[in-house]
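In our numbering, the protein residues as written are 887 to 1159. From the three backbone atoms N, C-alpha and C, an ideal C-beta is built for every residue, glycine too. Source: prediction; values computed, not measured. What follows is a short report on a single structure.
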Ligand code: 2HA
Ligand code: ZN
């Protein structure tokens, strides 16, 4: 299987990009211990079958994902560290294939005797629910990143920041690029048990209107077409939160861009920088 992965240039390139971004998450201090997870819909990169799936173990899913039937995903492993993924992506992530009935998945990147403990991220329900929503609307996003951005987690601890309006005023107001690259603003999910189907369902609602969603007192989820685009969205949102905290720590509340400055940006860069 390792050979088949390495011979597929598109897949190999994607895995190298995931490893690069995993390194950034670690370097930024957003990925303590095994924090964070990444999934990529790699289905369009696989020509025909990667292997005979029946050779590989099958695991039940908590929900059924009909739009994802027979599709392939590259998913980081549960308990695995981003800093290790950066160095050895194939040892710290798996390729899975959803079964025909979309109720289970095969882990096809490893033989069952190879490393029996290598399983997908604990946030798999949220990742698959989002991939399913993207497939339903025919979206082109392939990548989902979850990470624990310090400033964004800190922001959601403030009793003043429980409203999406307030959070987005800060995100957009601190720097012109936020309005240009995150024009739909960020979504907000109140604290719910991580890894649950409940948090997956609440996150889905927010992804109807946003490409970046904050999880209260936990972290952030983002979707994008490429691994780098998805990372960049999180980085831009993080930058705004960082500027806000820098001003507050310096003893003043930042003025923020005015409503007319924001509207001007929105109009001018509606299709990007
Ligand atoms: O992968 O970040 O939310 C560990 C986590 C769970
Ligand atoms: Zn997390």
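Helix, strand or coil at residue i [DSSP, three-state]
| i | result |
| --- | --- |
| residue 1105 | strand |
| residue 990 | strand |
| residue 983 | strand |
| residue 1092 | helix |
| residue 1100 | strand |
| residue 902 | helix |
| residue 950 | coil |
| residue 1053 | helix |
| residue 920 | coil |
| residue 1035 | coil |
| residue 960 | strand |
| residue 1011 | helix |
| residue 1131 | helix |
Distance, residue j Cα to residue i Cα
| i | j | result |
| --- | --- | --- |
| residue 944 | residue 1100 | 32 Å |
| residue 937 | residue 1081 | 29 Å |
| residue 1152 | residue 890 | 45 Å |
| residue 961 | residue 1110 | 15 Å |
| residue 990 | residue 909 | 30 Å |
| residue 1154 | residue 1006 | 42 Å |
| residue 1084 | residue 1078 | 7 Å |
| residue 992 | residue 1119 | 31 Å |
| residue 1137 | residue 1052 | 20 Å |
| residue 942 | residue 957 | 15 Å |
| residue 1127 | residue 1035 | 10 Å |
| residue 915 | residue 1133 | 21 Å |
| residue 969 | residue 1087 | 29 Å |
| residue 1021 | residue 1149 | 32 Å |
| residue 1033 | residue 917 | 6 Å |
| residue 1122 | residue 940 | 43 Å |
| residue 898 | residue 1147 | 43 Å |
| residue 1117 | residue 1108 | 8 Å |
| residue 893 | residue 920 | 29 Å |
Residue i burial status per 10 Å Cβ neighbour count (16 or more: buried)
| i | result |
| --- | --- |
| residue 973 | exposed |
| residue 1049 | exposed |
| residue 1074 | buried |
| residue 1156 | exposed |
| residue 922 | buried |
| residue 1027 | buried |
| residue 1071 | buried |
| residue 1135 | exposed |
| residue 1031 | buried |
| residue 949 | exposed |
| residue 1091 | exposed |
Proximity test, residue i beta-carbon vs the ligand ZN heavy atom, cut-off 7 Å
| i | result |
| --- | --- |
| residue 921 | yes |
| residue 1043 | no |
| residue 1034 | yes |
| residue 1080 | yes |
| residue 1073 | no |
| residue 1104 | yes |
Proximity test, residue i beta-carbon vs the ligand 2HA heavy atom, cut-off 7 Å
| i | result |
| --- | --- |
| residue 1124 | no |
| residue 950 | no |
| residue 1008 | yes |
is_contact[residue i, chain B] using C-beta, thresh 8 Å
| i | result |
| --- | --- |
| residue 1020 | Chain labels in this structure do not include chain B; a single protein chain is all it has. |
Closer than 7 Å: residue i CB and nearest the ligand ADP heavy atom
| i | result |
| --- | --- |
| residue 896 | You won't find the ligand ADP in this model; what it holds is the ligand 2HA and the ligand ZN. |
inquiry  = Within 8 Å, do at least three Cβ pairs link the stretch 973 to 992 to the stretch 1051 to 1060?
reply    = no
ask   = Taking contact to mean at least 3 C-beta pairs separated by less than 8 Å, is the stretch 1035 to 1045 in contact with the stretch 1138 to 1152?
value = no
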